[in-house]
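So the protein lines, in turn, are chains A and B.
Residue numbers in the first sequence follow the numbering used here, run continuously in steps of one, and reach 99 at the last position.
Residue numbers in the second sequence follow the numbering used here, run continuously in steps of one, and reach 260 at the last position.
Only one structure is covered here, and it is reproduced in the block below.
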Amino acid sequence: EPEVTQTPSHQVTQMGQEVILRCVPISNHLYFYWYRQILGQKVEFLVSFYNNEISEKSEIFDDQFSVERPDGSNFTLKIRSTKLEDSAMYFCASRKVDRDYGYTFGSGTRLTVV
Amino acid sequence: GEDVEQSLFLSVREGDSSVINCTYTDSSSTYLYWYKQEPGAGLQLLTYIFSNMDMKQDQRLTVLLNKKDKHLSLRIADTQTGDSAIYFCAVSNYNQGGKLIFGQGTELSVKP
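Here it is, written out as structure tokens:
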């Protein structure tokens, strides 16, 4: 069964450093998402991406965050200057077509900011 | 904005049925989902229901939707210790971009 692949599975970074979280969505999917889950809390929507541009973003997704689909296969989330409160599990998801229930989530990247 | 609420904990004995409840606020939600998360793992889609359905059954899982009360439930029959996990309710509205709004998750503990 096709999978959404996320790398790395765990990343530790110093506060103030830039991090890039990587995702390879399912190849024929058109909609891409990033969600995050702070330990013990809800899974929160960050951003959705369609047709090479952001289609929606949450209040969490401020100027420190950016997303890119640089080469038609990878989908990346960049955090420019990490803060302690950015420590969370970050999930990538992709979806095939509009009005389709078929979300597939990756297994997540655990980001620890120290 | 949309809000999804769940109780935080549920403890059952192996072999019993588990019922996990969820309420949501947006009556125009189109798809409603149940995800399972085991410790340290990702989000596994268990089942979903479209908003024009009242019930969906899939092996040991039964989803009930009460649109009037905006209440969704997941029943797990013959609960096993391997069912111990956090269960997330989530809703989406494809007229609003299709993003998922999650509840805070219910931790199911199954005792032998």
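Using N, Cα and C, we set each Cβ at its ideal position, and we do this for glycine too.
Values in this document were obtained by computation on a predicted structure and should not be read as measured data.
Drop a sphere of 10 angstroms on the beta-carbon of residue i, count the other beta-carbons inside from all chains shown, and report buried for 16 or more, exposed for fewer.
| i | result |
| --- | --- |
| isoleucine 23 of chain A | exposed |
| histidine 14 of chain A | buried |
| threonine -8 of chain A | exposed |
| threonine 89 of chain A | buried |
| leucine 62 of chain A | buried |
| lysine 259 of chain B | exposed |
| phenylalanine 76 of chain A | buried |
| glutamate 29 of chain A | buried |
| serine 176 of chain B | exposed |
| glycine 190 of chain B | buried |
| valine 4 of chain A | buried |
Can you list, in chain order, the residues of its chain with a C-beta nearer than 6 Å to that of residue i? Leave out the 5 residues immediately preceding and following it.
| i | result |
| --- | --- |
| threonine 210 of chain B | Arg223 |
| tyrosine 181 of chain B | Tyr196 and Ala238 |
| histidine -5 of chain A | Arg95 |
| tyrosine 18 of chain A | Ser33 and Ala78 |
| glutamate 255 of chain B | Phe157 and Ile234 |
| methionine 74 of chain A | Gln22, Gly93 and Arg95 |
Look up residue i in the DSSP assignment and say whether it is helix, strand or coil.
| i | result |
| --- | --- |
| asparagine 36 of chain A | coil |
| threonine 67 of chain A | coil |
| threonine 173 of chain B | coil |
| glutamine -4 of chain A | strand |
| aspartate 48 of chain A | coil |
| glutamine 2 of chain A | coil |
| glutamine 244 of chain B | helix |
| aspartate 206 of chain B | strand |
| threonine 94 of chain A | strand |
| threonine 229 of chain B | helix |
Alpha carbon to alpha carbon, how far is residue j from residue i? Give it in angstroms, no decimals.
| i | j | result |
| --- | --- | --- |
| glutamate -12 of chain A | serine 12 of chain A | 9 Å |
| serine 155 of chain B | glycine 149 of chain B | 20 Å |
| glutamine 244 of chain B | lysine 218 of chain B | 18 Å |
| lysine 42 of chain A | serine 221 of chain B | 29 Å |
| aspartate 164 of chain B | leucine 213 of chain B | 22 Å |
| lysine 215 of chain B | lysine 27 of chain A | 23 Å |
| glutamate -14 of chain A | glutamate 186 of chain B | 20 Å |
| methionine 203 of chain B | valine 9 of chain A | 34 Å |
| lysine 184 of chain B | cysteine 170 of chain B | 14 Å |
| arginine 208 of chain B | glutamate 162 of chain B | 14 Å |
Looking only at its chain, what residues have a beta carbon closer than 8 Å to the beta carbon of residue i, apart from the 5 residues adjacent to it on each side?
| i | result |
| --- | --- |
| serine 257 of chain B | Phe157, Leu158, Ser159, Val160 and Ser232 |
| leucine 0 of chain A | The question names leucine, but residue 0 of chain A in the sequence shown is methionine. Cβ neighbours of methionine 0 of chain A beyond the five flanking positions: Thr67, Lys68, Leu69, Val98 and Val99. |
| methionine 201 of chain B | Leu213 |
| arginine 54 of chain A | Phe17, Phe34, Asn37, Phe60 and Thr61 |
List, in chain order, every chain A residue whose beta-carbon is nearer than 8 Å to that of residue i.
| i | result |
| --- | --- |
| isoleucine 249 of chain B | Phe30 |
| leucine 212 of chain B | Chain A residues near leucine 212 of chain B: none, gap ~18 Å exceeds 8 Å. |
| glycine 163 of chain B | Within chain A, no residue comes near glycine 163 of chain B; the closest Cβ sits about 29 Å away, beyond 8 Å. |
Quick one: which chain B residues come within Cβ less than 9 Å of residue i?
| i | result |
| --- | --- |
| serine 33 of chain A | Gly245, Gly246 and Lys247 |
| phenylalanine 90 of chain A | Tyr183, Gly190, Leu191, Gln192 and Leu193 |
Can you pull the chain A neighbours of residue i, defined as C-beta to C-beta under 7 Å?
| i | result |
| --- | --- |
| glutamine 205 of chain B | What glutamine 205 of chain B touches in chain A: nothing, since even the nearest Cβ is about 17 Å away. |
| phenylalanine 236 of chain B | Val28 |
So, for residue i: in the same chain, excluding its five sequence neighbours on each side, which residues have a beta-carbon less than 7 Å away from its beta-carbon?
| i | result |
| --- | --- |
| lysine 247 of chain B | Ser240 |
| arginine 80 of chain A | His14, Tyr16, Gly87 and Tyr88 |
At a CB-CB cut-off below 9 Å, which residues of chain A make contact with residue i?
| i | result |
| --- | --- |
| glutamine 228 of chain B | Result: empty, since nearest Cβ-Cβ is about 23 Å, beyond 9 Å. |
At a CB-CB cut-off below 8 Å, which residues of chain B make contact with residue i?
| i | result |
| --- | --- |
| phenylalanine 76 of chain A | Gly190 and Leu191 |
Going along chain B in order, which residues have a C-beta closer than 7 Å to the C-beta of residue i?
| i | result |
| --- | --- |
| glutamate 41 of chain A | Gly245 and Lys247 |
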